[in-house]
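**Student:** Sequences listed follow chains A and B, in order.
Position 240 of the first sequence, counted from 1, bears residue number 242 in this note's numbering, the numbering being contiguous throughout.
Position 2 of the second sequence, counted from 1, bears residue number 20 in this note's numbering, the numbering being contiguous throughout.
Think of the CB as a built atom: it goes at the ideal place given N, C-alpha and C, for glycine as much as any other residue.
One structure, pasted below without further comment.
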Amino acid sequence: MTTTTTKTTTSGRRSLSEWWNTLNRPQQWAILIPLVVFIYALPVLNPPILTTEPGYDFPIAMFEVARYALIAIGLNVVVGQAGLLDLGYVGFFAVGAYVAALFTSPDSMLTKLPFLAVLPIAMAITMVFGVILGSPTLRLRGDYLAIVTLGFGEIVRLLADNLEPLRGNQGFQQVGHPPGTNADGSAIFNNTDGTPWYWLTVTIIILVLMLVGNLERSRVGRSWVAIRDDEDAASIMGVNTFKFKIWAFVIGAAIGGLSGALYAGQLAFVNNQKFDVVTSILFLAAVILGGSGNKVGVILGAIIVAYIPARFLGIAEYRFLIFGLALIVLMIFRPQGLLGARQRLLTYGRQAYQRLLGKGEQISKDAPVATDKNGGQ
Amino acid sequence: MDDPAGPRPDPHVENELSIHHSSALYLAQDDSVINFDVAGLVDQFWANTVDGLSQGSIYALVALGYTLVYGVLKLINFAHSEVFIYGAYATWFTFYGLGFRPGPTPELAVFELIGFLLLALLAAVLVSGATAVVLERVAYRPLRNRGAPRLVFLITAIGASFVLQQLIFIWRGGNPEQAIRLLRPEPVFEVFGVAITNITIIIVLASILLFFIADTFVNRTRFGRGIRAVAQDPDTATLMGVNKERVIMLTFLIGGLLAGAAALFYMMKIPQGASYQGGFLLGLKAFTAAVLGGIGNLRGALLGGLLLGLMENYGQSLFGGEWRDVVAFVLLIVILMFRPTGILGESLGKARV
């Protein structure tokens, strides 16, 4: 079942993560903090090989990457953690973008609110949408669920097309942005300079990662993994599967809505384009490529999906083709993604695994898309 | 069909166009959000019925492909919509290769016309069938050999659908091919005040004929018995000497052939329908049709396709044209929630073995 190549790569990766886990907290921080500083400094440094210029403005490209990373983290909660294949995730993204536009754009009839206040509102409203979409559909499983979420995503897009208050193709101009002005009086957060938006998004990503990481290690996260691995067994063992599936859906939706609102703010414009199924599949490709169920993996996947077309503009036109091919090839040779799920089911996993390290850490064999039947041993 | 000279453009194409033109058209309509035009529904009832049946028989043919593959592999062949649209392109290129160009419909002798249409049918059927078989060999068989879980198949299918779609996009660009029409729709007779065009007659009759051929093939022949056996229990079927791989390939081939035929009918009805994205919506609707009738059930696919075509057209009259696709998706969600086995129930294997 498992090929030798999979084995070697798995063990190579495991030694890296083992090494990481043997470090104590201060050592980990000593590596993490410079890394985070470097990530923040990227658009300013504009490193020669990494840069996407002159073809594509580098700070904007970095914002795109960060936006995709945020989306991938949100979708990973649904697909990677709870194992619910959601093909309509772009719907939540669209809801977030429209909420931001409706509350901040002068084109809308609603009361104007400050952009930063709209972010939690966008999250709250997408969460409501998550419940509305989730409660009827989450009784379905597997591929039926996928098709229904696809249908919901399309319905959201068609509503944006057809409902008059949403202004169709004409869209909303001058969507709001966070406060603050430069010395010359121009807004810090404008739609030509990606750097402040990038910093804002990276900060949000770090906060979301902490939140999601804590959720994963909590009762909720363990329930998700149990549902993903075997819904019937989880249900028999007393996991309220429906409740936790809704939670996964709602938290994923909130993150999607948040990134939609950021997208609307950066672009300062929202209309009915860009919310099609193709975009949804591209989000999914980021999660699957990187490794669903692995936070670092999905961020890597998002970087690949968003950065490569910006860096190599020559292939930008072919990106859907390339990522489609990548999905096919990956599903055949490495279905768990570049970095597979590495789920620890123990709350005090670190201590427990350190005791077990002699035998090697048990890698979860059960990501929703993994075929690795013998656990990569 | 209410206006035989120029049938209403297909919604998929409308969607395509609305990207280029502004959707001011939609915005300028009414002040209320959704209308309930009951009078319009009553008024247009028979016209909708006729149009719905011809649209529905195209759905039914495509739905047969979904149903067959689902019955045998328990796989939603997401890329089947692209198999269909490859047939549409094959039709267009056949017309083009025969020397026809976009513009006025040529005057053809009946024999010539039949010959050309049969040639286009052959081309579409071959291209779609070949696409389906290649898809099975390249994308799905390696997964089966590895015993991959079902979601892996679905993701592969999505990837394959992407790839097939983008190949057309890179080759032919984003705009639909210009309409080439060989047969002008002309009213033949009237029923309840609705003119039935020659194209409607051809589409409905040929689709039903093809359905009966497919049904007979699956239920009455040796190969069909193999398909049903694998659908019911692959392991036992293998033990009884059925070549599972060959049966799976055959299933994909039949699905592809039917999709190719559907593609020709689609191009006759909507000559400007060859667009790289054109398959997606139609595929999703055909899948809805398959689920509506009971996926894995051939007769269900026919029933579901016709019903969906009707409901879509009634819905369009009731709510307005821009809600047409929403009707189909809402229907899909409602069926899956309340009767996921569909009207006639699931399972190809149980169908009178």
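Which residues in chain A have a C-beta closer than 7 Å to the C-beta of LEU91 of chain B? List them in chain order.
**Tutor:** Along the second sequence, read from residue 1 onward, the residue named residue 91 of chain B stands at position 73. By Cβ distance, chain A contributes nothing, its closest Cβ being about 11 Å from LEU91 of chain B, past 7 Å.
**Student:** Taking Cβ-Cβ distances shorter than 9 Å, what residues in chain B pair up with GLU233 of chain A?
**Tutor:** Translated into positions along the first sequence, residue 233 of chain A becomes position 231. Simply none; closest approach about 13 Å.
**Student:** Select from A:SER188, A:LEU286, A:GLY223 the residue whose C-alpha is nearest the C-alpha of ALA74 of chain A.
**Tutor:** As a first step, residue 74 of chain A is located in the first sequence; it is residue number 72 there, counting from the start. Of A:SER188, A:LEU286, A:GLY223, the residue nearest in Cα terms is A:LEU286.
**Student:** Would GLU156 of chain A pass as an interface residue toward chain B - the criterion being a Cβ-Cβ separation below 7 Å?
**Tutor:** Reading the first sequence from its first residue, position 154 is the one you call residue 156 of chain A. So, interface residue.
**Student:** Consult DSSP for GLN172 of chain A and reduce its assignment to one of helix, strand or coil.
**Tutor:** Numbered from 1 along the first sequence, position 170 holds the residue referred to as residue 172 of chain A. Three-state result, GLN172 of chain A: coil.
**Student:** Mind checking if PHE244 of chain A is an interface residue toward chain B, Cβ cutoff 7 Å exclusive?
**Tutor:** For the purposes of this step, residue 244 of chain A is taken as the residue at position 242 of the first sequence. Not one chain B Cβ lies under 7 Å of PHE244 of chain A.
**Student:** Can you pull the chain B neighbours of MET125 of chain A, defined as C-beta to C-beta under 8 Å?
**Tutor:** As a working mapping, residue 125 of chain A is identified with position 123 in the first sequence. Think of a sphere of 8 Å around the beta carbon of MET125 of chain A: no beta carbon from chain B falls inside it, the nearest being about 25 Å out.
**Student:** Looking at GLY323 of chain B and ALA346 of chain B, is the spacing between their C-beta atoms short of 7 Å?
**Tutor:** One-based indexing of the second sequence puts residue 346 of chain B at position 328. One-based indexing of the second sequence puts residue 323 of chain B at position 305. Contact: no.
**Student:** Give the interface partners of VAL181 of chain B over in chain A, defined as CB-CB distance under 8 Å, in chain order.
**Tutor:** Taking the first residue of the second sequence as 1, we reach residue 181 of chain B at position 163. The answer, in chain order, is LEU323, GLY326, LEU327, ILE330.
**Student:** Should GLN295 of chain B be labelled buried (16 or more other beta-carbon atoms within 10 Å of its own) or exposed?
**Tutor:** Position 277 of the second sequence, counted from the first residue, corresponds to residue 295 of chain B. The residue is buried, with at least 16 neighbouring Cβ atoms inside 10 Å.
**Student:** If you check the beta carbons only, do ALA277 of chain B and VAL156 of chain B fall under 7 Å apart?
**Tutor:** Position 259 of the second sequence, counted from the start, is the residue given in the question as residue 277 of chain B. Position 138 of the second sequence, counted from the start, is the residue given in the question as residue 156 of chain B. Cβ atoms of ALA277 of chain B and VAL156 of chain B: not closer than 7 Å.
**Student:** Which chain B residues sit within Cβ distance under 7 Å of VAL92 of chain A?
**Tutor:** Sequence index remark: in the first sequence, residue 92 of chain A carries index 90 (1-based). Those do not exist, as VAL92 of chain A stays about 14 Å from chain B at its closest Cβ, beyond 7 Å.
**Student:** Whose CA, out of B:GLY244, B:ASP251, B:GLY83, lies closest to the CA of VAL260 of chain B?
**Tutor:** Here the question's residue 260 of chain B lines up with position 242 in the second sequence. Minimum Cα distance to VAL260 of chain B is reached at B:GLY244.
**Student:** Return yes when the Cβ of LEU169 of chain B is within less than 7 Å of the Cβ of LEU87 of chain A, no when it is not.
**Tutor:** By one-based count along the first sequence, residue 87 of chain A stands at place 85. By one-based count along the second sequence, residue 169 of chain B stands at place 151. For LEU87 of chain A and LEU169 of chain B, yes; Cβs fall inside 7 Å.
**Student:** Just list the beta strand (DSSP E) runs in the region 194 to 240 of chain B, keeping only unbroken ones of 3 residues or longer that don't cross its boundaries, in chain order.
**Tutor:** 205 to 209, 212 to 215
**Student:** Measure from the C-beta of ASP164 of chain A to each C-beta in chain B and report whether the shortest distance is under 7 Å.
**Tutor:** Sequence index remark: in the first sequence, residue 164 of chain A carries index 162 (1-based). It should be pointed out that residue 164 of chain A corresponds to Asn in this sequence rather than to Asp. So, interface residue.
**Student:** Beta carbons nearer than 9 Å to chain A: which residues of the region 130 to 158 of chain B have them?
**Tutor:** Shown in chain order are the members of the region 130 to 158 of chain B whose Cβ falls below 9 Å from a Cβ of chain A: VAL156, ALA157.
**Student:** Within 10 angstroms of the Cβ of LYS245 of chain A, are there 16 or more other Cβ atoms? Answer buried if so, exposed if not.
**Tutor:** If you number the first sequence from 1, residue 245 of chain A lands on position 243. Classification of LYS245 of chain A: exposed, given that the 10 Å Cβ count is below 16.
**Student:** Going along chain A, which residues have a C-beta under 7 Å from PHE347 of chain B?
**Tutor:** For the purposes of this step, residue 347 of chain B is taken as the residue at position 329 of the second sequence. Here the neighbours are GLY153, GLU156, ILE157.
**Student:** The alpha helix (DSSP H) spanning VAL101 of chain B covers which residue range?
**Tutor:** One-based indexing of the second sequence puts residue 101 of chain B at position 83. Residues 98 to 115.
**Student:** How many Å lie between TYR88 of chain B and THR54 of chain A at the Cα?
**Tutor:** Taking the first residue of the second sequence as position 1, residue 88 of chain B is located at position 70. Taking the first residue of the first sequence as position 1, residue 54 of chain A is located at position 52. Distance between the alpha carbons of TYR88 of chain B and THR54 of chain A is about 44 Å.
**Student:** Assuming GLY196 of chain A contacts ILE62 of chain A (C-beta within less than 8 Å), just tell me the rounded distance between them.
**Tutor:** For the purposes of this step, residue 196 of chain A is identified with residue 194 of the first sequence, where counting begins at 1. For the purposes of this step, residue 62 of chain A is identified with residue 60 of the first sequence, where counting begins at 1. Right, the Cβ-Cβ distance comes to about 4 Å (below 8 Å), so this counts as a contact.
**Student:** Given LEU354 of chain B, which residues of its chain have a CB within under 8 Å of its CB, disregarding the five upstream and five downstream residues?
**Tutor:** What you label residue 354 of chain B is simply residue 336 of the second sequence in a count that begins at 1. If we look at LEU354 of chain B and ignore the five residues flanking it on each side, its Cβ neighbours are VAL309.
**Student:** Could you run through the region 187 to 206 of chain B and flag, in chain order, every residue whose CB is less than 7 Å away from some CB of chain A?
**Tutor:** ILE188
**Student:** Given a cut-off of 7 Å, decide if ALA119 of chain A and LYS247 of chain A are closer than it, judged by their beta-carbon atoms.
**Tutor:** Counting from 1 along the first sequence, the entry for residue 247 of chain A is found at position 245. Counting from 1 along the first sequence, the entry for residue 119 of chain A is found at position 117. Cβ atoms of LYS247 of chain A and ALA119 of chain A: not closer than 7 Å.
**Student:** Note down the Cα distance separating VAL101 of chain A from VAL46 of chain A, rounded to an integer number of angstroms.
**Tutor:** The residue labelled residue 101 of chain A in the question sits at position 99 within the first sequence. The residue labelled residue 46 of chain A in the question sits at position 44 within the first sequence. Spanning the two alpha carbons is a distance of roughly 31 Å.
**Student:** Can you look up THR183 of chain A in the DSSP assignment and give me helix, strand or coil?
**Tutor:** Working through the first sequence from its first residue, we reach residue 183 of chain A at position 181. Residue state, collapsed to three classes: strand.
**Student:** So, helix, strand or coil for VAL241 of chain A, using DSSP?
**Tutor:** On the first sequence, residue 241 of chain A is found 239 positions in, with the first residue counted as 1. VAL241 of chain A falls in the coil class under three-state DSSP.
**Student:** Look at the Cβ atom of ALA81 of chain B, then the Cβ atom of SER179 of chain B, and state whether they are nearer than 7 Å.
**Tutor:** The residue given as residue 81 of chain B occupies position 63 in the second sequence. The residue given as residue 179 of chain B occupies position 161 in the second sequence. Not a contact, by the Cβ cut-off of 7 Å.
**Student:** For VAL204 of chain A and MET129 of chain A, I'd like the C-alpha separation in whole angstroms.
**Tutor:** Numbered from 1 along the first sequence, position 202 holds the residue referred to as residue 204 of chain A. Numbered from 1 along the first sequence, position 127 holds the residue referred to as residue 129 of chain A. Rounded to whole angstroms, VAL204 of chain A to MET129 of chain A spans 22 Å at the Cα level.
**Student:** Buried or exposed: which applies to LEU284 of chain A, given that a residue is buried once 16 or more other Cβ atoms fall within 10 Å of its Cβ?
**Tutor:** To locate residue 284 of chain A, count along the first sequence from 1; it is residue 282. Buried: at least 16 other Cβ atoms inside 10 Å.
**Student:** Check this for me: beta carbons of THR106 of chain A and PHE95 of chain A, under 7 Å apart or not?
**Tutor:** Taking the first residue of the first sequence as position 1, residue 106 of chain A is located at position 104. Taking the first residue of the first sequence as position 1, residue 95 of chain A is located at position 93. No, the pair does not count as a contact, with Cβ atoms beyond the cut-off.
**Student:** In the DSSP assignment, find the alpha helix (DSSP H) that holds ARG164 of chain B and state where it starts and stops.
**Tutor:** In the second sequence, counting from the first residue as 1, residue 164 of chain B sits at position 146. Note, ARG164 of chain B: alpha helix (DSSP H), 159 to 164.
**Student:** Within 10 angstroms of its Cβ, does LEU71 of chain B collect 16 or more other Cβ (buried), or is it exposed?
**Tutor:** For the purposes of this step, residue 71 of chain B is identified with residue 53 of the second sequence, where counting begins at 1. Answer is buried; the Cβ neighbour count reaches 16.
**Student:** Verify whether the separation of the beta carbon atoms of LEU329 of chain A and GLY177 of chain B is less than 7 Å.
**Tutor:** One-based indexing of the first sequence puts residue 329 of chain A at position 327. One-based indexing of the second sequence puts residue 177 of chain B at position 159. In this structure, GLY177 of chain B lies closer than 7 Å to LEU329 of chain A by Cβ.
**Student:** Going by C-alpha distance, which of B:ARG357, B:ILE198, B:PHE230, B:GLN250 is nearest ILE266 of chain B?
**Tutor:** As a first step, residue 266 of chain B is located in the second sequence; it is residue number 248 there, counting from the start. Taking only the C-alpha atoms, the option nearest ILE266 of chain B is B:GLN250.
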